[in-house]
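Asker: Before we start, here is the structure in question, set down as structure tokens.
Protein chains in written order, with this note's numbering: chain R, 1030 to 1444; chain P, 217 to 643.
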């Protein structure tokens, strides 16, 4: 149970406070409701590039990191297809420094050409390091456009291609900030050795003077229902063949989400899970095999990925996976197995409440979804899923016409 | 009027209180350290075994033994063990480092009675079934094939070989090494190494007296050594390093070069270690470090660059690692050289030094967030032959160190010309 208080400033900034006196630290997490899906399809990778620029100095403060490190703090950020999330941890006695820094960059950035030029290069190197210069690094650059024809999840947060990042201009940067970095588009969570009254006073002092801006209303094209199975085959300079099957599934706030998540656990959570036990250990078809869902707020994906052993042909590998997926459609999962995955959810949730930053991030994310209190109901949501709901969800997910299959054929001679 | 141009008043960073463990030694020689704190009904238990090297210096055997602990006992199959652990929502995780293998259990307290007897059975009676071994070897050979395509992995392997030579710290497993692993060797290593007198058990979380009693019964009274204790093993002797060698492994299709530089250095137990840690932090140990500021934030050559000091049981090393665009491989090396030289020839400003001191003290405080992190702090000191007093000493050194001392330490321990330099990619 993570307790919290909540208030909203006049400019629309939502603030949540979780008091945890057991730590001498405080965490300040600011979630901006903007992700890669809000990008122009011709200027992708922008939300993430922008996240880098948020550290390049704000209107009154030339450097973000230094003053924070000087008071014993650390910070970082991440961008997903849905959100951009910034976080600071620091000794609670110096909490106000985080308010000073975060409010200034919400107020206005001080972009320099140099900063933009350097961060374009840094992000291009990140693109190469993570996506291009790694075996199978470009999976998501291929799988997303295969699975999504229309919805702007069809590109990865890093962007479609290096050129989009290289071409980002100062005008693009300014416009993006004006549109998305507004107090009414953000959620702040302060957690740790803090008091709500103090946080309220600090929020009024530092954030209340920031003017509200017009609220950006997200209007994204809907992904049409997929009617035919899709397939892409890549001959790649990789050592092993590899297989990815993506299915459309319910988003984070839709009915069926928790059932779908438990299906990924049944298939792939822990060494007793179905895919690992049956296809890796017993039938000896794969060296690695995993199933997961992408946790997206918009139209979600459920993914099965694996590397068949060298002597197993791709068709046989796919048949084996489909046999397991069909089994979930045909047979309701038994009580024992359902209890097993629910027990795992229960303990995972308890462990997620042991760090203030994790708690702060979760509260912010659930507040974005509609209500931070739902974080405390999350375990119950999973425990309430029935075998029938799982079977129903499996039937909905695992249809050929709902699948996009990406196959890597190794051109490298496996030694 | 709100002053946004100047930072708000800040406060000195408070000292920290470490949780001192309760210590027990069971009659079979098992050393136990107990950290009882925390709000949640959870426990982490770590059984840590010192590596025993009588058969080979190639730690692949130790890795296989540890990672196969859960693949079967005389009375439970791999599948049964996996089912039990998963059913009770627990995580039972084997982990291998250079000097030690650890089996960690993360569990809710309410399920421990079902899990602990199984863990005891695994630690006393793992059998390494041949069929499971065949699967393990086949799958791990495949994973290694993929890893060997990563320039950063290849650079790390070449680095360890160059710095440590033909011993446990220098040898990385080759794909063909897997062909020499057999269950007899695994079983004899298991018998030598997985013994209570060679094990340290750390319990952290909500550790009740009843739990301690149960642990003592299972892992003290009922865990009888099955082999006599071996003589203490001699330390390692390392070859002289090929000073300053630059080794280029060319990858024609590389978009980035992986760089790894370094050499052997002092370990945590050396009195100058905390001071050198400050020097390392200035150079490449945090986001605002000189290497990051210059090579990432000014030049945009890389997504990330960092340096670190790593302590091992019989040695230690200093290392710098990054991945950079192939066009700037040489330029990056030259910037690294400049930054090392600058630390040796220019006194660090009061402003930068005080920032790094505060950063280090803040991150010490922040790293003590929950009871598990207190146990981790203890572990780091303990396996360096130190007590918790080490952290007061560390804190004291950081608070006192001045620019002259930083410069002196940089001159004693940093020498660009002597660094082994590995480049995988293109020059």
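Backbone N, C-alpha and C define an ideal beta-carbon position, used for all residues, glycine too.
Which residue from R/1267, R/1247, R/1253, R/1328 puts its Cα closest to that of residue 1285 of chain R?
Answerer: R/1328
Asker: In the segment 1108 to 1186 of chain R, which residue ranges form an unbroken alpha helix (DSSP H) of at least 4 residues, counting only runs that do not cross its ends?
Answerer: As far as the segment 1108 to 1186 of chain R is concerned, its whole alpha helix (DSSP H) runs of at least 4 residues are 1124 to 1136, 1142 to 1156, 1168 to 1176.
Asker: How about residue 618 of chain P and residue 556 of chain P: are their beta carbons less than 9 Å apart?
Answerer: no
Asker: Rounded to a whole number of angstroms, what is the C-alpha to C-alpha distance between residue 350 of chain P and residue 396 of chain P?
Answerer: 12 Å
Asker: How would you call residue 1043 of chain R, buried or exposed, if buried means at least 16 neighbouring beta carbons within 10 angstroms?
Answerer: buried
Asker: State the CB to CB distance for the pair residue 419 of chain P and residue 435 of chain P, rounded to an integer number of angstroms; the pair is presumed to be in contact (CB under 8 Å).
Answerer: A Cβ-Cβ distance of about 10 Å is found for the pair residue 419 of chain P and residue 435 of chain P, leaving them out of contact under the 8 Å criterion.
Asker: Any chance you could list the alpha helix (DSSP H) runs of at least 4 consecutive residues sitting entirely within the segment 557 to 624 of chain P, in chain order?
Answerer: DSSP runs (the alpha helix (DSSP H)) wholly in the segment 557 to 624 of chain P: 566 to 582, 587 to 598, 605 to 616.
Asker: Here's a check: name, in chain order, each residue in its chain whose Cβ is nearer than 7 Å to the Cβ of residue 569 of chain P, leaving out the five neighbours to either side.
Answerer: 619, 622
Asker: List in chain order: all unbroken beta strand (DSSP E) runs of 3+ residues lying wholly within the segment 1263 to 1307 of chain R.
Answerer: 1271 to 1278
Asker: Could you compute how far the alpha carbon of residue 1444 of chain R sits from the alpha carbon of residue 362 of chain P?
Answerer: Low confidence applies here, because residue 1444 of chain R scores a pLDDT of 40, under 50, leaving its location unreliable; read the following figure in that light. So the alpha carbons of these two residues sit roughly 11 Å apart.
Asker: What does residue 355 of chain P reach in chain R if we use C-beta pairs closer than 8 Å?
Answerer: Going along chain R in sequence order, the residues near residue 355 of chain P (Cβ under 8 Å) are 1309, 1316, 1317.
Asker: For the 8 Å Cβ check, are there 3 or more pairs between the segment 1317 to 1336 of chain R and the segment 1276 to 1292 of chain R?
Answerer: The segment 1317 to 1336 of chain R, when compared against the segment 1276 to 1292 of chain R, does touch it at the 8 Å Cβ threshold.
Asker: Who are the neighbours of residue 223 of chain P on chain R, taking C-beta pairs under 7 Å?
Answerer: 1096, 1126, 1129
Asker: Please decide whether residue 574 of chain P counts as near chain R, where near means a Cβ-Cβ distance under 9 Å.
Answerer: yes
Asker: What residue from R/1047, R/1048, R/1045, R/1052 has the CA that sits closest to residue 234 of chain P's CA?
Answerer: R/1052
Asker: Output needed for residue 250 of chain P: all residues of its chain with C-beta closer than 6 Å, excluding positions within five of it in sequence on either side, in chain order.
Answerer: Counting only Cβ-Cβ distances below 6 Å, and skipping sequence neighbours, we find 237, 238, 419, 423.
Asker: Hey, is the segment 1421 to 1436 of chain R in contact with the segment 1258 to 1271 of chain R, meaning 3+ C-beta pairs nearer than 8 Å?
Answerer: yes
Asker: Using only CA atoms, which one of P/306, P/367, P/445 lies nearest to residue 335 of chain P?
Answerer: P/306
Asker: Do we get a CB-CB distance below 9 Å when we pair residue 1443 of chain R with the residues of chain P?
Answerer: Note that residue 1443 of chain R has pLDDT 46, beneath the 50 cutoff, so the model's placement of it is unreliable and no number is given.
Asker: If contact means a Cβ-Cβ distance below 8 Å, which residues of the segment 252 to 272 of chain P contact chain R?
Answerer: 254, 255, 256, 257, 258
Asker: Rank R/1135, R/1111, R/1099 by C-alpha distance to the C-alpha of residue 1118 of chain R and give the top, closest one.
Answerer: R/1099
Asker: Taking just the CA atoms, how far does residue 1216 of chain R sit from residue 1159 of chain R?
Answerer: So the two alpha carbons sit approximately 29 Å from each other.
Asker: Compare the beta carbon distance of residue 1275 of chain R and residue 1331 of chain R with 9 Å and say whether it is the shorter of the two.
Answerer: yes
Asker: Note down the Cα distance separating residue 272 of chain P from residue 582 of chain P, rounded to an integer number of angstroms.
Answerer: 40 Å
Asker: Quick one: is residue 1365 of chain R buried, meaning 16 or more other Cβ sit within 10 Å of its Cβ, or exposed?
Answerer: exposed
Asker: Hey, which unbroken runs of the beta strand (DSSP E) at 3 residues or more fall wholly within the segment 252 to 279 of chain P?
Answerer: 258 to 266
Asker: Assess contact between the segment 586 to 595 of chain P and the segment 1104 to 1117 of chain R, defined as three or more Cβ pairs (one per stretch) separated by less than 8 Å. Is contact present?
Answerer: no
Asker: List the residues that DSSP assigns as beta-bridge partners of residue 405 of chain P.
Answerer: Answer is none; residue 405 of chain P lacks a bridge partner.
Asker: Leaving aside the five residues before and after residue 274 of chain P along the sequence, list all residues of the same chain whose C-beta is less than 8 Å from its C-beta, in chain order.
Answerer: These residues qualify, in order along the chain: 384, 387, 389, 393.
Asker: Would a check of beta-carbon distances place residue 1109 of chain R closer than 9 Å to chain P?
Answerer: no
Asker: Spell out whether any CB of chain R is found under 9 Å from the CB atom of residue 337 of chain P.
Answerer: False, the Cβ-Cβ gap to chain R never drops below 9 Å.
Asker: Under a Cβ-count criterion, where at least 16 other Cβ atoms within 10 Å of its own Cβ denotes burial, should residue 653 of chain P be classed as buried or exposed?
Answerer: Lying before the first or after the last residue shown, residue 653 of chain P is absent from chain P, which here runs from 217 to 643.
Asker: Kindly say whether residue 1297 of chain R, judged by its beta-carbon, lies nearer than 9 Å to any beta-carbon of chain P.
Answerer: no
Asker: Spell out whether any CB of chain R is found under 9 Å from the CB atom of residue 496 of chain P.
Answerer: no
Asker: Would you verify that the beta carbon of residue 1306 of chain R is, or is not, closer than 9 Å to some beta carbon of chain P?
Answerer: yes
Asker: Would the beta-carbon of residue 1300 of chain R fall within 9 Å of that of residue 402 of chain P?
Answerer: Taking 9 Å as the cut-off, the beta carbon of residue 1300 of chain R is found no closer than this to the beta carbon of residue 402 of chain P.
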